[in-house]
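**Student:**
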Amino acid sequence: MHTSIKEALKEKENVFELDLNNQNIEILDEDIGELTNLTTLHLDYNNLAFLPDSMRQLTNLKVLNLNNNRITFLPDWIGDLNQIEYLNLSENTITGFPNSFKQLIKLKQLAMGNTLLTSLPDFICDFSELNFISLRNNKINSLPKDFGRLVNLEELDLVNNSILELPESIGNLNQLTSLYLTNNSLKKLPDSFKNLTELKFLHIPENLEEQAKNILPNCDI
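Numbers 1 to 221, taken from UniProt numbering, label the letters of the sequence shown in order.
1. Whole-angstrom Cβ separation of Asn60 and Asn37, contact assumed at under 8 Å?
2. Would you mind stating whether Leu135 and Leu158 have Cβ atoms separated by less than 9 Å?
3. Can you list, in chain order, the residues of its chain with a C-beta nearer than 7 Å to that of Phe50? Leave out the 5 residues immediately preceding and following it.
4. What whole-angstrom Cβ distance do Leu176 and Leu156 have, given they're in contact under 8 Å?
5. Check Glu17 in the structure and name its three-state DSSP category.
6. Can you give me the Cβ contacts of Asn92 inside the same chain, cut-off strictly under 6 Å, excluding the 5 residues immediately before and after it?
7. Could you have a look at Glu26 and say whether DSSP puts it in helix, strand or coil?
8. As a quick exercise: from Leu18, Pro144, Leu196, pick the residue whose alpha carbon is nearest that of Leu64.
9. DSSP three-state label for Phe193, please.
10. Might you give, ordered along the chain, the residues of its own chain that have their beta carbon closer than 8 Å to the beta carbon of Ile170, omitting 5 neighbours on each side?
11. Run through the DSSP bridge pairs and tell me what Leu179 is partnered with.
12. Can you give the Cα-Cα distance for Ser178 and Phe127, rounded to whole angstroms?
13. Looking at C-alpha atoms only, which residue of Glu34, Gln23, Asn21 is the closest neighbour of Asn14?
14. Taking C-alpha atoms, which residue in Glu30, Ile84, Lys12, Pro167 lies nearest to Ala111?
15. For Gln109, which option in Ile133, Asp122, Lys6 has the closest C-alpha, if you only look at C-alpha atoms?
16. Using only alpha-carbon positions, find the residue among Phe16, Cys125, Asn184 that is nearest to Asn141.
17. Excluding five sequence neighbours on each side, which residues of the same chain lie with their C-beta closer than 7 Å to the C-beta of Ile124?
18. Which of the three DSSP states, helix, strand or coil, is assigned to Ser142?
19. Going by the beta-carbon positions, is the gap between Gln103 and Asn82 smaller than 9 Å?
20. Please state if the CB of Leu28 and the CB of Met55 are separated by a distance shorter than 9 Å.
Structural data, given as structure tokens:
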């Protein structure tokens with residue numbers, strides 16, 4: 001696996017994974033756009049504030065790791081990377097999603113913990129292949145009412161947000177096995193919660209533990 005763009009460009013047709021983790025990169029070389037066969041790109045633990053426009057040419061990317069940078073926004077062209085299945089944007093200062101994000105319909109895993117999100121767009125409910133979502137340590141106060149359309153979701157981490165209530169549709173997440181909701185402002189669980197029969201691990205505010213145990217007696221709470 002290559003660890004520099006310069007070296008990777010020497011055999012760019014044969015480079016499928018590039019590891020640029022922890023290199024104190026502030027500005028990414030525009031030449032990275034020439035590595036059009038890349039399927040996996042690691043950029044964790046750098047100092048990136050933005051992504052170069054040339055990255056829109058990396059249309060074969062399936063894995064993009066950008067954990068722990070200084071990114072404040074996602075570019076409009078992010079939707080061009082519509083083969084992405086795993087996206088890690090945790091530990092950045094992102095506040096929202098561009099409309100083009102809706103084109104990432106092949107997403108299976110999305111990690112955006114420790115950002116500055118306050119809400120989720122309705123189109124997130126169209127990402128039917130999602131099986132993992134981590135949004136811990138944000139300021140999210142609600143989920144879209146059709147969140148239950150994410151029927152392949154297996155793990156959902158919403159620890160330390162500001163969620164007041166869960167949508168009734170959450171009961172449709174019949175593949176969900178792990179749900180983390182501690183440190184939120186929930187007052188009650190929706191009636192549909194009883195339909196989460198595959199749930200094995202539930203971390204929930206103390207005031208709701210008794211209700212959850214009555215609804216889901218076989219779940220580890």
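No residue lacks a Cβ here, since even glycine has one placed at the ideal position from N, Cα and C.
**Tutor:** Inspection of the coordinates gives the following:
1. Confirmed, about 6 Å.
2. yes
3. Ile71
4. With 8 Å as the limit, Leu176 and Leu156 qualify as a contact, their Cβ atoms being about 6 Å apart.
5. strand
6. For Asn92, the CB contacts under 6 Å within the same chain, skipping 5 residues up- and downstream, are Asn69, Ile71, Thr115 in chain order.
7. coil
8. Leu18
9. Here Phe193 sits in helix by DSSP.
10. Leu143, Phe147, Gly148, Pro190, Ser192, Phe193, Leu196
11. Leu156, Leu202
12. 19 Å
13. Glu34
14. Shortest Cα-Cα distance from Ala111 to any of Glu30, Ile84, Lys12, Pro167 involves Ile84.
15. Closest by alpha carbon: Ile133.
16. Asn184
17. Pro144
18. coil
19. Yes, these two residues count as a Cβ contact at 9 Å.
20. yes
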